[in-house]
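When we follow full-length UniProt numbering, the leftmost residue of the sequence shown carries the number 1, and every step to the right adds one. Note that beta-carbon positions come from the ideal geometry of N, C-alpha and C, so glycine has one too.
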Amino acid sequence: MSTEDVKEHYETLLAEHYTWMCGDFDRRVEETIAFFRRLTLETSPERALDLGCGSGIQSIALAQLGYEVTAVDFQASLLEELRELASGLSIKTIESNLTALDPSSDLGGPFDLAVCMGDTLPHLPDADAVRQLISSTAKSRLKPEGRFIVGFRDLSQELTGSDRAIPVRLDDDRVMLTFLEYLPERVMVHDMVLDRRKGEWQLQKNAYPKLRLSEVGVKEMLTEAGFTIEETSVTRGMCHLVAHRS
Numbered sequence: 001m002s003t004e005d006v007k008e009h010y011e012t013l014l015a016e017h018y019t020w021m022c023g024d025f026d027r028r029v030e031e032t033i034a035f036f037r038r039l040t041l042e043t044s045p046e047r048a049l050d051l052g053c054g055s056g057i058q059s060i061a062l063a064q065l066g067y068e069v070t071a072v073d074f075q076a077s078l079l080e081e082l083r084e085l086a087s088g089l090s091i092k093t094i095e096s097n098l099t100a101l102d103p104s105s106d107l108g109g110p111f112d113l114a115v116c117m118g119d120t121l122p123h124l125p126d127a128d129a130v131r132q133l134i135s136s137t138a139k140s141r142l143k144p145e146g147r148f149i150v151g152f153r154d155l156s157q158e159l160t161g162s163d164r165a166i167p168v169r170l171d172d173d174r175v176m177l178t179f180l181e182y183l184p185e186r187v188m189v190h191d192m193v194l195d196r197r198k199g200e201w202q203l204q205k206n207a208y209p210k211l212r213l214s215e216v217g218v219k220e221m222l223t224e225a226g227f228t229i230e231e232t233s234v235t236r237g238m239c240h241l242v243a244h245r246s
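Below you can see the structure in the form of structure tokens.
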């Protein structure tokens with residue numbers, strides 16, 4: 001598995017539908033603001049790093065709370081969409097593959113807060129790449145006592161039968177479904193989008209691999225990197241871990 005496999009899937013299919021797939025954008029931003037406020041992130045907003053920002057749900061939420069945000073993603077079209085949605089907000093975008101960010105990469109840090117949410121971690125090539133990203137965030141990106149929030153879908157438990165077919169979003173002119181094919185260390189995600197254009201339905205389909213990360217495994221990686229876990233929560237199947245640099 002390589003990051004290029006994931007990038008090809010985004011360029012072929014997912015980027016075009018990404019923001020629509022996530023649901024009502026403004027509502028998702030408001031939900032994210034509420035999540036961050038519960039963690040009292042708005043009490044002393046300073047500088048934040050968004051790793052794998054997509055079209056900007058977390059970046060915009062943080063900027064609206066007063067943070068100066070650096071947003072990183074490998075998909076140019078999603079970064080362009082973020083810039084359009086974030087007009088007037090303090091967000092700097094950087095186009096980069098997360099696996100290409102070594103400790104010497106200049107992102108403008110150190111930061112008070114880093115987030116890696118929206119199921120970004122399972123897009124990385126292997127567990128070592130996840131471990132390296134977490135370690136470099138601790139050692140090279142964050143200030144002492146800086147906080148790190150990760151969000152990912154725990155795919156360690158295998159679905160069977162028809163439960164592997166998952167409706168993502170449906171409206172009058174577009175339908176997205178996903179089928180999960182479980183492998184020992186990965187899940188092949190088969191995305192299918194039916195899009196009605198000029199009265200005719202057109203099918204787009206493609207597949208890409210995701211890592212089968214577990215809550216326990218990611219907690220161990222955070223602890224090994226010198227983070228202290230503050231809390232764990234699960235919302236709509238998405239696991240969120242909040243930690244701070246020890």
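Query                                                                                                                           : Result
Local Cβ density within 10 Å of residue 184, reported as buried at 16 or more and exposed below that                            : exposed
Residue 227 Cβ short of 7 Å to the ligand MG heavy atom set                                                                     : No copy of the ligand MG appears in this structure; indeed no ligand is present at all.
Entirely enclosed alpha helix (DSSP H) segments - the stretch 3-55, minimum 4 residues                                          : 3-9, 15-21 and 25-38
Same chain, Cβ closer than 7 Å to residue 33, five either side skipped, listed in chain order                                   : 61, 64 and 65
Residue 81, enclosing alpha helix (DSSP H) - first and last residue                                                             : 76-85
Cut-off 7 Å between Cβ atoms - residues of its own chain near residue 227, not counting five sequence neighbours on either side : 138, 148, 243, 244, 245 and 246
Residues near residue 6 by beta carbon distance below 7 Å, same chain, minus five either side                                   : 123 and 208
Euclidean distance between Cα positions of residue 223 and residue 113                                                          : 17 Å
Beta-carbon proximity of residue 71 to residue 57, cut-off 8 Å                                                                  : no
DSSP three-state assignment for residue 185, whether helix, strand or coil                                                      : coil
Buried or exposed by the 16-neighbour rule on C-beta atoms within 10 Å, applied to residue 274                                  : No information on residue 274 is available, as it lies outside the stretch 1 to 246 that the chain covers here.
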